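Order-wise, the sequence lines are chains Y and A. First residue of the first sequence: 32, per my numbering; consecutive thereafter. First residue of the second sequence: 32, per my numbering; consecutive thereafter. The C-beta atom is built at its ideal place from N, Cα and C for all residues, glycine as well. Quick caveat, the model's predicted, so the values are computed rather than measured. Structure first, then comments.
Number of protein chains: 2
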Amino acid sequence: MQYTGYALTKQISLQCIALIYRVIHSIEITRPSFSLHFIDPEMKYCSDCAHPVSLQIPPDDSRPRYVCQQCGVIHYQNPKMVVGSIPFWDQDEEAKILLCRRAIEPRHGYWTLPAGFMENSETTAEGAARETMEEAGAHIELQALFSLLNVPHVHQVHLFYRARLLDKDFAAGTESLEVKLFTEAQIPWDEIAFPTVTHTLKFFFEDLAASRTGKEFGFHSLDILKPMRQ
Amino acid sequence: MQYTGYALTKQISLQCIALIYRVIHSIEITRPSFSLHFIDPEMKYCSDCAHPVSLQIPPDDSRPRYVCQQCGVIHYQNPKMVVGSIPFWDQDEEAKILLCRRAIEPRHGYWTLPAGFMENSETTAEGAARETMEEAGAHIELQALFSLLNVPHVHQVHLFYRARLLDKDFAAGTESLEVKLFTEAQIPWDEIAFPTVTHTLKFFFEDLAASRTGKEFGFHSLDILKPMRQ
Numbered sequence: 032m033q034y035t036g037y038a039l040t041k042q043i044s045l046q047c048i049a050l051i052y053r054v055i056h057s058i059e060i061t062r063p064s065f066s067l068h069f070i071d072p073e074m075k076y077c078s079d080c081a082h083p084v085s086l087q088i089p090p091d092d093s094r095p096r097y098v099c100q101q102c103g104v105i106h107y108q109n110p111k112m113v114v115g116s117i118p119f120w121d122q123d124e125e126a127k128i129l130l131c132r133r134a135i136e137p138r139h140g141y142w143t144l145p146a147g148f149m150e151n152s153e154t155t156a157e158g159a160a161r162e163t164m165e166e167a168g169a170h171i172e173l174q175a176l177f178s179l180l181n182v183p184h185v186h187q188v189h190l191f192y193r194a195r196l197l198d199k200d201f202a203a204g205t206e207s208l209e210v211k212l213f214t215e216a217q218i219p220w221d222e223i224a225f226p227t228v229t230h231t232l233k234f235f236f237e238d239l240a241a242s243r244t245g246k247e248f249g250f251h252s253l254d255i256l257k258p259m260r261q
Numbered sequence: 032m033q034y035t036g037y038a039l040t041k042q043i044s045l046q047c048i049a050l051i052y053r054v055i056h057s058i059e060i061t062r063p064s065f066s067l068h069f070i071d072p073e074m075k076y077c078s079d080c081a082h083p084v085s086l087q088i089p090p091d092d093s094r095p096r097y098v099c100q101q102c103g104v105i106h107y108q109n110p111k112m113v114v115g116s117i118p119f120w121d122q123d124e125e126a127k128i129l130l131c132r133r134a135i136e137p138r139h140g141y142w143t144l145p146a147g148f149m150e151n152s153e154t155t156a157e158g159a160a161r162e163t164m165e166e167a168g169a170h171i172e173l174q175a176l177f178s179l180l181n182v183p184h185v186h187q188v189h190l191f192y193r194a195r196l197l198d199k200d201f202a203a204g205t206e207s208l209e210v211k212l213f214t215e216a217q218i219p220w221d222e223i224a225f226p227t228v229t230h231t232l233k234f235f236f237e238d239l240a241a242s243r244t245g246k247e248f249g250f251h252s253l254d255i256l257k258p259m260r261q
């Protein structure tokens, strides 16, 4: 991968945006009537002092941020992490993966690996184990990190750990309609909730097949880009 | 790793905290006089409607969240990602790594790998390349993800990519006092800004040594825990 030119282009683009902002809006931008794809739209007031915020490019910065017009606090917005596991059952004749059918939006009724937003004060592995317990009531032995998938248009990074399912005493949590074991042939590929889950499952079954010839499971990284960025 | 018991204990602990909160504060907690380590302290007002927020445990949740008393919006707080690179120069007699001396707090004057907070709408690799350009002006070819380090007490996850430095035409950015190449023997171990950087450098030089016997660079994951959690 060659990022030199790309990083430079991106940097120049951001500086251009910054310049246009400064010229048109005299540094301060209040209540913009347009949306910027790298800004979450919802911030209106300062969470520190309740005064209105405005979009500004702070000194020594290249991106518009929500800045309080009263106290000057800059409210940064950053991507969130989704952490989950690939619960693997190897005690039957054929290997199986545990999937959950979503009881919540988005993608209500579709199948997913147990996963959810990482919480403050936990590690990525703790978060993956917690989500597996909450959504599938599954007893697992967490193994190595298996996949990292960027989803930049929704400001998310998804991480999945391999996990050995210890027993079949699992049960749907409040966010799942049902939880069920699937062999590779049984996976409902057209009813998978998210592309990050589809890709992780495909990587997993590829590595599982390769493991039968003595190869170790790998670590996989992929960017899920919107068609316009591909 | 066996997470079954741990996840269960953590879940029970959270349910206990939730119960104590509900009993003592009749579900709603306004202006708490104590701090919770998994809550960022700064939120006072709703960023949607400017009314005061209070700490509450929403239905079907187990953690206190900032909830608006007026419009009911739940303001979730999640860990942030720090992304960076390990710029590696292999054209001299001895291999060298590019480090930056910090011009900003925290850890002003200490040495670090180029890294910073991941931004919305970028991938982890794009963020790592951007930070390398911004802090070190370095032209790199980004390679595989090398380390993932959890720092749960500050709600952060740090990711470092291996990177091949393409030339010596680098220069300190606004957040760096100076940037400089170091051989392994020259690394200022006592003046490294963050434990995540120290561990990543140690992993890197271990893998570099192993690579001379034909072994490939690996992927390393580590949790940096406070002494009380170790």
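A:K111 and A:Q187 do touch by the CB rule: their CB atoms are close to 6 Å apart, below 8 Å.
Within the model, the alpha-carbon separation for A:G158 versus A:M149 is close to 5 Å. The three-state secondary structure of A:P183, taken from DSSP, is helix. In the DSSP assignment, the residues bridged to Y:M112 are Y:V188. Between A:E162 and A:G140, the C-beta gap is not smaller than 9 Å, which leaves the two residues out of contact. Take the alpha-carbon of Y:E125 and the one of Y:L212: they are about 11 Å apart. Contact annotation, Y:C102 with Y:C131: C-beta distance approximately 43 Å; criterion of less than 8 Å not satisfied.
For Y:Q100 and A:C77, the gap between their C-alpha atoms comes out near 16 Å. Using a Cβ-Cβ cut-off of 9 Å, A:Q217 does not count as an interface residue toward chain Y, since no Cβ of chain Y sits closer than that to its own.
Assignment of Y:V104 by DSSP, reduced to helix, strand and coil, places it in the coil class. Y:L173 and A:S252 have their C-alpha atoms roughly 13 Å apart. Put simply, the region 225-235 of chain Y touches the region 175-185 of chain Y. At least three CB pairs are less than 8 Å apart.
DSSP, read as helix, strand or coil, puts Y:A175 in strand. Within the same chain, D238 come within 7 Å of A:G249 by CB-CB distance, once the 5 residues on both sides are set aside.
Secondary structure at A:S242: helix, using DSSP grouped into helix, strand and coil. Interface criterion met: the Cβ of A:A175 is under 9 Å from a Cβ in chain Y. For the region 219-240 of chain Y, there are no residues whose beta carbon sits under 8 Å from a beta carbon of chain A. The beta carbon of Y:R243 does not come within 9 Å of any beta carbon belonging to chain A, so the residue lies off that interface.
DSSP places Y:Q87 within a strand segment (E or B) once states are collapsed to three.
In this chain, Y:R132 is not harboured by any alpha helix (DSSP H); it is covered by the beta strand (DSSP E) spanning 127-133.
The alpha-carbon of A:P90 is positioned some 31 Å away from that of Y:I105.
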